[in-house]
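Going by the UniProt record's numbering, the first residue of the sequence shown is number 1, and it counts up by one from there. Heads up, the beta-carbon is just placed ideally off N, CA and C, and yes, glycines get one too. Remember, predicted model here, so these are calculated numbers, not experimental data. For reference, the structure is listed below as structure tokens.
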Amino acid sequence: MTISEIFETMDYGVAPESAADALAWLVDQGDRFGHFIDGAFTEPGGGFESRNPANGEVLATLTQATQADVDAAVKAARRAHPKWEGLGGHGRARYLYALARLLQKHSRLFAVLESLDNGKPIRESRDIDIPLAQRHFYFHAGMAQLMEDELPDREALGVCGQVIPWNFPLLMLAWKIAPALAMGNTVVLKPAEYTSLTALLFADVCRQAGLPKGVVNIVTGDGSVGEMIVAADVDKIAFTGSTAVGRRIREATAGSGKSLTLELGGKSPYIVFDDADLDSAVEGLVDAIWFNQGQVCCAGSRLLVHEPVAEAFHAKLRARMDKLRVGDPLDKSIDVGAIVDPVQLKTITDLVASNTAGQTHVAAAALPVEGSFYPPTLITGLNPADRLMQEEIFGPVLVSTTFRTPADAVALANNTRYGLAATVWSENINLALDIAPKLASGIVWINGTNLMDAAAGFGGIRESGFGREGGWEGLSGYTRPKGTSKPL
Ligand code: TAP
């Protein structure tokens, strides 16, 4: 079924009057979408399809952007910039609050659309992705109001080119667009080819909010459109995605004078000490690696467990894994949904099949017959140098090894090229606080995991990228020092 058929026939839990505008717009498109440039949707030109990963059916046809589309979007953003920046923080905040409120008003619609397009469980899109995206706009509306007092010596960069991945489509959009707009920039954003639908619905929300034309432009298409944005006349590139593409973007922008932030991959350690509350650590791990089918940049995908409790911990974990429910993302009782696309499913399958080491436990859950599903999997007894201990799998596969001393734990944790997030579980807070700064990681969580907030800077070091999103650090990445001097 296409999205118009789904939304016309389905009771998806939205009181019609509360979402009428956005729903009518979505259905009226007739499952064909153009770009959003200079405040209006372009005629759909086709080029690629978005499919429902839970059953492989086509949801909609989207438009592959041409060089002319990207140029038009950048020019629109350039034209809009002086007036948008000139509105001042308080003026821009009015629009950011309006966007936040509209995201809230249409939250059910966004959640269902996200789960249909991406395959994530509706519980996650409803309770995590969409509320966090709203929170991002509310937070940055507040920060826009503060900036003139708090950041008087900084100004907007101008036009920002933003390229995002498919794992948190609307949330990654919010992480990019909200701070850029708050600081007075205008944007051209490209969502991932697999998951562009909520970005287009967001474009309609910009229209509903009366956002001045050209402030937000959204162009769809494959990686070549990302390359065009990187090469375009923009002042900043903000990229979230794989380390391989991030490296190409860094090369392409070197010497261009463009500002750059890269949020890339990870292979984050999840360290469990023998004095940890093992039941809580198991629950944390379920969240760390099986949330969003493990397709999370900061997924705690590498379990490092203290030798004295390794056997007991693995046994508890296997028992918990066997209770996970895998299935239809729109079923509220599901824990693990679909993998975003058959291509990603094959990547996961091939990587796991390439491994001959250790012992593998596959969760007991029955998988749906149709669609792209992969069972929660645990591979224990690996060596630190094994390929699966080093490479990001980006799927629901946890790899595990053991350590003897805190120093071993730190050495193992730091033994990858990445440095995004790390988690430490111990009842001994002195030990945890001693370990945390020794971990080569942009973020460290203690006795918790995946804790994110719009007010806290998120980002990595080493091959996980540079720059922060959220908080003051994220905002400063969308500004530069003002070219004025002030008396000492
Ligand atoms: P990528 O393949 O790198 O794609 C990311 C985005 O870049 C997509 O929009 C993609 O377009 C586009 N793209 C592809 N080739 C490009 C090029 N040569 N120039 C410019 N843009 C290009 O990553 P993905 O598979 O979507 O996402 C998974 C990766 O993102 C993982 O490594 C994950 O760890 C990382 N990630 C990191 C974070 C943070 S905050 N560090 C957050 C989420 C995800 P198409 O989709 O159309 O190919």
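So which of the options has the shortest CA-CA distance to residue i?
{"i": "Met389", "options": "Thr416, Gly371, Pro396, Phe403", "result": "Thr416"}
{"i": "Gly46", "options": "Arg101, Leu157, His35, Ala363", "result": "His35"}
{"i": "Ser464", "options": "Ala455, Ala72, Ala413, Gly442", "result": "Gly442"}
{"i": "His106", "options": "Gly119, His90, Gln134", "result": "Gln134"}
{"i": "Pro179", "options": "Gly483, Gly470, Arg480, Lys482", "result": "Gly470"}
{"i": "Arg108", "options": "Pro131, Leu367, Pro44, Ser476", "result": "Pro131"}
{"i": "Thr198", "options": "Gly223, Asp117, Leu211, Cys160", "result": "Asp117"}
{"i": "Thr377", "options": "Leu99, Val286, Leu412", "result": "Val286"}
{"i": "Leu87", "options": "Asp129, Leu181, Leu171, Phe168", "result": "Leu181"}
{"i": "Leu324", "options": "His306, Tyr374, Ala357", "result": "Tyr374"}
{"i": "Gly284", "options": "Gly255, Trp425, Ile334, Thr402", "result": "Trp425"}
{"i": "Arg51", "options": "Ala192, Cys160, Asp153, Gly161", "result": "Ala192"}
{"i": "Arg101", "options": "Leu262, Thr186, Ala209, Ile379", "result": "Ala209"}
{"i": "Val343", "options": "Thr42, Glu43, Leu433, Gly56", "result": "Gly56"}
{"i": "Thr401", "options": "Phe394, Ala413, Gly395, Glu391", "result": "Ala413"}
{"i": "Lys482", "options": "Gly39, Glu49, Asp153, Thr63", "result": "Asp153"}
Could you check where the alpha helix (DSSP H) with residue i kicks off and where it finishes?
{"i": "Glu148", "result": "130-150"}
{"i": "Val282", "result": "278-290"}
{"i": "Pro90", "result": "It is His, not Pro, that sits at residue 90 in the sequence shown. Per DSSP, His90 belongs to the alpha helix (DSSP H) from 88-105."}
{"i": "Glu243", "result": "Reading off the sequence, residue 243 comes out as Thr, not Glu. 243-253 is the extent of the alpha helix (DSSP H) around Thr243."}
{"i": "Ile3", "result": "3-9"}
{"i": "Gly223", "result": "223-231"}
{"i": "Phe202", "result": "197-208"}
Going by DSSP, what residue range makes up the beta strand (DSSP E) through residue i?
{"i": "Ser259", "result": "259-263"}
{"i": "Leu304", "result": "302-306"}
{"i": "Leu431", "result": "Not the beta strand (DSSP E): Leu431 falls in the alpha helix (DSSP H), residues 429-435."}
{"i": "Thr63", "result": "58-63"}
{"i": "Ala238", "result": "236-240"}
{"i": "Asn55", "result": "Taken as a continuous stretch (DSSP letters only), Asn55 belongs to no beta strand (DSSP E), as it is neither H nor E."}
In angstroms with no decimal places, state the Cα-to-Cα distance between residue i and residue j.
{"i": "Gln67", "j": "Met321", "result": "47 Å"}
{"i": "Ala252", "j": "Leu260", "result": "11 Å"}
{"i": "His81", "j": "Val215", "result": "7 Å"}
{"i": "Arg468", "j": "Thr9", "result": "42 Å"}
{"i": "Tyr194", "j": "Asp275", "result": "43 Å"}
{"i": "Leu103", "j": "Lys176", "result": "15 Å"}
{"i": "Gly89", "j": "Asp21", "result": "28 Å"}
{"i": "Arg32", "j": "Val219", "result": "14 Å"}
{"i": "Glu473", "j": "Gly257", "result": "20 Å"}
{"i": "Leu439", "j": "Leu151", "result": "31 Å"}
{"i": "Ile271", "j": "Leu303", "result": "6 Å"}
{"i": "Asp386", "j": "Ala363", "result": "22 Å"}
{"i": "Leu200", "j": "Gly30", "result": "14 Å"}
{"i": "Ala407", "j": "Asn450", "result": "24 Å"}
{"i": "Gly337", "j": "Glu124", "result": "10 Å"}
{"i": "Ile6", "j": "Arg248", "result": "39 Å"}
{"i": "Leu211", "j": "Val205", "result": "9 Å"}
{"i": "Gln359", "j": "Trp445", "result": "28 Å"}
{"i": "Arg462", "j": "Val326", "result": "34 Å"}
{"i": "Gly142", "j": "Met452", "result": "18 Å"}
{"i": "Gly161", "j": "Ala281", "result": "39 Å"}
{"i": "Met172", "j": "Ile339", "result": "18 Å"}
{"i": "Phe137", "j": "Pro165", "result": "19 Å"}
{"i": "Gly457", "j": "Leu146", "result": "17 Å"}
{"i": "Thr356", "j": "Ala174", "result": "41 Å"}
{"i": "Lys75", "j": "Gly265", "result": "32 Å"}
Based on the DSSP secondary-structure assignment, which residues constitute the bridge partners of residue i?
{"i": "Phe458", "result": "Glu469"}
{"i": "Gln295", "result": "In the DSSP output, where bridge partners are listed per residue, Gln295 has none listed."}
{"i": "Ile446", "result": "Val424"}
{"i": "Tyr478", "result": "Answer is none; Tyr478 lacks a bridge partner."}
{"i": "Ile122", "result": "Per DSSP, none; premise fails for Ile122."}
{"i": "Ser50", "result": "Ala60"}
{"i": "Ala40", "result": "Ile37"}
{"i": "Val216", "result": "Val187"}
{"i": "Pro269", "result": "Arg302"}
Given the structure, does residue i come close to the ligand NAP, in the sense that its CB is under 7 Å from one of the ligand's heavy atoms?
{"i": "Asn167", "result": "No copy of the ligand NAP appears in this structure; the ligands present are the ligand TAP."}
> At which residue ranges does the segment 384-425 contain complete alpha helix (DSSP H) runs of 4 or more residues, listed in the order of the chain?
Replying inline: 387-390, 406-413
> Enumerated in chain order, which unbroken segments of the beta strand (DSSP E) with a length of 3 residues or greater are wholly contained in the segment 322-389?
Replying inline: Restricted to the segment 322-389, the beta strand (DSSP E) segments that are unbroken, complete and at least 3 residues in length are 359-362, 377-380, listed in chain order.
> Could you give the uninterrupted runs of the beta strand (DSSP E) lying entirely in the segment 157-194, keeping only those of 3 residues or more?
Replying inline: Within the segment 157-194, the runs of beta strand (DSSP E) that reach at least 3 residues and sit entirely inside it are, in chain order, 159-163, 186-190.
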